[in-house]
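Report on the structure given below.
Numbering (the UniProt record's numbering), first residue to last: 1 to 322.
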């Protein structure tokens, strides 16, 4: 009888040890994925892992709830710390500013996807949102009639299409100035715009997608070029586009530090902009950046326009002059 009880106790403790080891391994895996991205500035693979902070937060939240349900109190303490760490990186406290009746302008950026046949959805979205400035990325030659039709509302257009398959454009309700900037960076367009509130520089960017180490280095070089350009401009800048990078990447943070630009801080939650059809992989890679002299009023994600990216919308104003 005693022998059977001893075996039962050993079996019970062995099973408990196995379950504890399982939870420890899961906790270590989620922790590892949560922190390795911080070393992504010099390593392509680690930088790629930095982009999925939303997913790591969800995994940490799920682990927290499971450990709470199974009453694994010691491990729950570690899971709580992990959840808090991921929450700290994902959520932000909005910085709302008083406008004092200043005019508000609207900008829209859309990576339309070069294979998107639904040009009408993009045009309908633009007409619904009524932005003052539009950046379209990955347009093709088939877009020319649609752009021509938009000239009634957007008479000022900068369009560059290489061959028939790939290009960009900036649309504006307000006139471009004659100022020339020359080459800025791969996948970029830039114009100075005259508005009733003053002049500013509108810069559209589309660094290369980091699908391999070579492309990753090229993307980072584009960041450097954009940052150097931004530092040379002595008036307000609005940069917008598909940056192929999330705010959690060390390379993204390096870009904001070197450029002096900042993302709009008007949301509690991060945006999801790509990939449209895979919600479990949603990450924010389309962005707005503002310099001093401009202030964000509102930022949001638009409805689907048939692309793998969602449109992004920014309402902004010129800072009041003393």
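Idealized CB from N, CA, C, for every residue including glycine.
Residue of the options minimising C-alpha distance to residue i
i	options	result
residue 210	26, 31 and 48	48
residue 57	307, 291 and 269	269
residue 190	150, 310, 149 and 236	236
residue 327	60, 20, 151 and 171	The chain is shown from 1 up to 322; residue 327 falls before or after that span and cannot be answered.
residue 51	275, 63, 288 and 196	275
residue 115	317, 220, 45 and 309	309
residue 205	279, 229, 197 and 196	229
residue 143	156, 123 and 127	123
residue 287	67, 18 and 110	110
residue 323	194, 158, 168 and 166	In the structure as shown, the chain starts at 1 and stops at 322, and residue 323 therefore has no counterpart that could be examined.
residue 251	265, 219 and 234	219
residue 291	316, 282, 283 and 277	316
residue 265	68, 77 and 97	97
Beta-carbon proximity check, residue i vs residue j, cutoff 8 Å
i	j	result
residue 297	residue 104	yes
residue 249	residue 227	no
residue 301	residue 273	yes
residue 407	residue 129	Because the chain spans 1 through 322 in this model, residue 407 falls outside it and cannot be assessed.
residue 161	residue 141	yes
residue 207	residue 186	yes
residue 200	residue 240	no
residue 202	residue 170	yes
residue 39	residue 46	yes
residue 318	residue 294	yes
residue 156	residue 176	yes
residue 54	residue 282	yes
residue 179	residue 192	yes
residue 277	residue 102	no
Presumed contact (8 Å Cβ cut-off) between residue i and residue j, rounded CB distance
i	j	result
residue 30	residue 65	Not quite, the Cβ-Cβ distance comes to about 13 Å (not below 8 Å), so this is no contact.
residue 329	residue 75	In the structure as shown, the chain starts at 1 and stops at 322, and residue 329 therefore has no counterpart that could be examined.
residue 188	residue 132	Actually they do not touch by this definition, with Cβ atoms about 20 Å apart.
residue 63	residue 79	5 Å
residue 312	residue 267	The pair is not a contact, with the Cβ atoms about 11 Å apart (cut-off 8 Å).
residue 289	residue 261	4 Å
residue 152	residue 314	Actually they are not in contact, since the Cβ atoms of residue 152 and residue 314 sit about 23 Å apart, beyond 8 Å.
Across the stretch 206 to 216 and the stretch 244 to 254, are there enough close Cβ pairs to call them in contact, namely three or more that are closer than 8 Å? yes
If you pair each beta-carbon of the stretch 301 to 310 with each one of the stretch 89 to 101, do three or more pairs fall below 8 Å? no
Unbroken stretches of the alpha helix (DSSP H), 4 residues or longer, contained in the stretch 157 to 238: 213 to 232
Can you give, in chain order, each stretch of the alpha helix (DSSP H) that sits fully within the stretch 27 to 60 and has at least 4 residues? 44 to 50
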